[in-house]
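So in my numbering, the last spot in the sequence shown is 319, and the numbers never skip.
Ideal Cβ positions, reconstructed from N, Cα and C, are used throughout, including at glycine.
Note that the structure is predicted; figures quoted are calculated from it, not measured.
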Amino acid sequence: MRKWHRWLSIFFGIFILWIAITGVLSQVAVLWPSGAAAEQVTASPPPGFVCPEGWRCMPPRPQGGMRSLVGLFHHLHSGESFGLVGTVISVLSGLALVFFSFSGIWLYVQMWRFRSKRALAPRWFWK
């Protein structure tokens with residue numbers, strides 16, 4: 193298990209890091225204030241905007257600045273920008289992340305058992 197964990201992490205580590213960075217950037221782009229456009233969100237609805245009966249409507253968010261990059265970050269995050277190959281690598285990277293989670297826990301439990309069998313002091317982290 194350790195050998196698989198090590199070799200797969202060398203390949204998929206780069207893609208998982210890419211997915212993590214583009215995911216964070218897409219969330220930052222949504223939350224990033226855009227100066228005067230940020231005040232428009234709390235302003236009254238634009239002229240001609242009609243809210244249906246019984247609904248609590250908010251005016252549409254302005255699409256300038258960082259917010260306009262959300263679509264780009266999503267396509268980079270999902271691998272769609274690189275075609276079918278990018279999407280397949282993105283899905284495989286997600287599956288690899290699940291594998292790393294379970295195999296990492298499994299390796300930790302094995303090391304914990306090994307230490308307890310050798311009568312070494314059980315610790316959460318060891319050197």
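Close beta carbons around residue i, own chain, < 6 Å, minus the five adjacent residues each side
| i | result |
| --- | --- |
| residue 268 | 214 |
| residue 204 | 285 and 288 |
| residue 278 | 271 |
Local conformation of residue i per DSSP, three classes
| i | result |
| --- | --- |
| residue 241 | coil |
| residue 248 | coil |
| residue 224 | coil |
Proximity below 9 Å, CB of residue i to CB of residue j
| i | j | result |
| --- | --- | --- |
| residue 281 | residue 291 | no |
| residue 308 | residue 262 | no |
Could you tell me which uninterrupted alpha helix (DSSP H) segments, each at least 4 residues in length, are contained entirely in the stretch 255-314, listed from first to last along the chain? 262-270 and 275-309
Inspect the CB distances between the stretch 206-220 and the stretch 283-297 and report whether three or more fall short of 8 Å. Counting Cβ pairs under 8 Å, three or more are found: they touch.
Pairs of beta-carbons, one from the stretch 195-203 and one from the stretch 293-305, closer than 8 Å: are there three or more? Yes, the stretch 195-203 is in contact with the stretch 293-305.
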